[in-house]
Every structure is written in structure tokens, then in C-alpha cells.
Amino acid sequence: MLVMYTRRLTLPKRSFFLLGPRGTGKTTWLRAVLPRARWYNLLLDRELLRLMRDPGTLRREIDALPRGSWVVVDEVQKLPSLLNEVHDALAAAPRRWHFALTGSSARRLRRADVNLLAGRVVSRRMLPLTVGELKAEPAVDDLLRFGNLPLVRSERGGTARIDLLEAYVET
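Heads up: the sequence shown runs through residues 1 to 171, numbered per the numbering used here.
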């Protein structure tokens with residue numbers, strides 16, 4: 001069953017990284033708050049391969065967008081060289097586009113020694129749900145046993161939650 005949670009995160013007015021663990025709802029939240037954005041979903045092989053062949057494709061495509069458009073690059077750690085294209089776009093026209101760049105780990109990006117767009121984008125984190133984001137206050141033992149990942153929290157039974165947590169940790 002799909003359960004939607006209202007996250008207590010405000011959309012920045014400028015370009016930003018949205019980082020956080022897998023399954024916290026980064027993509028779901030962005031789809032809700034930026035329904036008209038131009039999306040680049042790097043989990044899709046066809047999209048990833050198309051941009052790997054020519055990262056400049058990103059720039060050519062966003063050049064055609066109206067001023068003030070939002071551009072989402074989901075799972076940017078899959079193709080960190082796109083950050084150079086984003087850097088160039090922001091340097092050339094700082095207010096023309098707004099970028100939302102998602103990933104699961106800034107550490108992974110730093111280790112890869114990629115362009116983290118210092119000073120050009122702000123950083124936001126999406127963590128597991130807070131008690132204030134839940135519809136009802138959970139039992140403490142439930143929180144300690146299963147945590148608060150939206151993916152796990154939306155499951156009803158303990159067995160299903162355990163299966164999801166095991167899969168999360170093992171993959």
C-alpha cells in the first residue's frame with residue numbers, strides 16, 4: 001500500500017543538492033513539489049547511457065527551457081560529470097535555471113573527487129521520518145525495532161518490515 005507522508009522540508013529558492021539515505025522519499029517529494037520540472041532520472045539506463053555518451057546533451061536541452069525552470073537530476077552520483085555541466089550553466093546564467101540534484105551520499109561524491117558546486121548550490125538532507133511527520137505517534141519499541149524509513153513505515157506487518165529492512169541492508 002502506498003502511503004504518502006508530508007515532509008517538513010521547504011523547497012529552496014535556489015539550486016540545491018537533496019541528499020539522504022535510499023528510501024527516504026527524495027524523488028517522491030521532488031515529484032510532488034516540482035511537478036513541471038524537467039527530469040533526468042539516472043536510474044533509467046536509457047537516460048543514463050544517453051547522457052554518458054554526451055554530457056553536453058543536458059546543457060543543450062535545458063537551454064531550450066524557459067527562464068526560471070526547474071531541472072531535476074535524480075541520482076546524480078551515477079554520472080558525476082554532469083555536475084560540470086550544471087556548474088557551467090549556473091556560471092553562465094546564475095538565475096536562468098534552478099537545479100535539484102539528488103543523491104544518497106555527499107561522501108561518495110567527495111571520494112570520487114567531483115565538482116560539488118561550492119557556493120553555487122545549497123544543500124538539504126532528507127532523513128527518515130520524524131515523529132512530527134507521522135500521522136500518529138508510534139510506540140517507542142516500534143521506532144527502535146523498525147526505524148522510520150517511509151518505505152518500511154508504510155508496511156503493516158512486522159514480518160514485511162523485517163524483510164524490507166534486511167533487503168535494504170543487504171543490497
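Ideal Cβ placement from N, Cα and C applies to all residues, glycine included.
| Item | Value |
| --- | --- |
| Going by other Cβ atoms of all chains shown within 10 Å of its Cβ, with 16 needed for buried, is G132 buried or exposed? | exposed |
| Between S69, S105, G25, which lies nearest to R36 when the distance is taken from Cα to Cα? | S69 |
| Is the Cβ-Cβ distance between A112 and P138 less than 8 Å? | no |
| According to the Cβ coordinates, are I27 and T102 closer than 8 Å? | According to the sequence displayed, residue 27 carries Thr and not Ile. Yes. Within cutoff. |
| Within its chain, find whatever has a CB closer than 7 Å to the CB of P12; leave out the 5 residues flanking it on each side and keep chain order. | V122, R124 |
| Identify, in the order they occur along the chain, each residue of the same chain with its Cβ nearer than 6 Å to the Cβ of S154, setting aside the five sequence neighbours on each side. | V3 |
| Distance check for L18 and L64, CA to CA, integer angstroms please. | The displayed chain sequence assigns Ala, not Leu, to residue 64. Those two C-alpha atoms are separated by around 25 Å. |
| As an exercise, report each continuous alpha helix (DSSP H) stretch of at least 4 residues that is fully enclosed by the stretch 126–151, in chain order. | 140–146 |
| For a quick check, are the C-beta atoms of G25 and R7 less than 8 Å apart? | yes |
| Within this structure, are the beta carbons of L90 and N115 separated by less than 8 Å? | no |
| Hey, V72 and I62 are a contact pair by Cβ (cut 8 Å); roughly how many whole angstroms apart? | Not confirmed; about 11 Å, so no contact. |
| Assign V76 to buried or exposed, taking buried as 16 or more other Cβ atoms, counted over all protein chains shown, within 10 Å of its Cβ. | buried |
| Within this structure, are the beta carbons of L44 and L51 separated by less than 8 Å? | no |
| Just the Cα atoms here: how many angstroms apart are K78 and S104? | 10 Å |
| Let me confirm a value: E166 is counted as buried when at least 16 other C-beta atoms fall within 10 Å, else exposed. Which label applies? | exposed |
| Cβ of S15 within 8 Å of Cβ of R120? | yes |
| Which one or two residues does DSSP pair with D74 in a beta bridge? | N41 |
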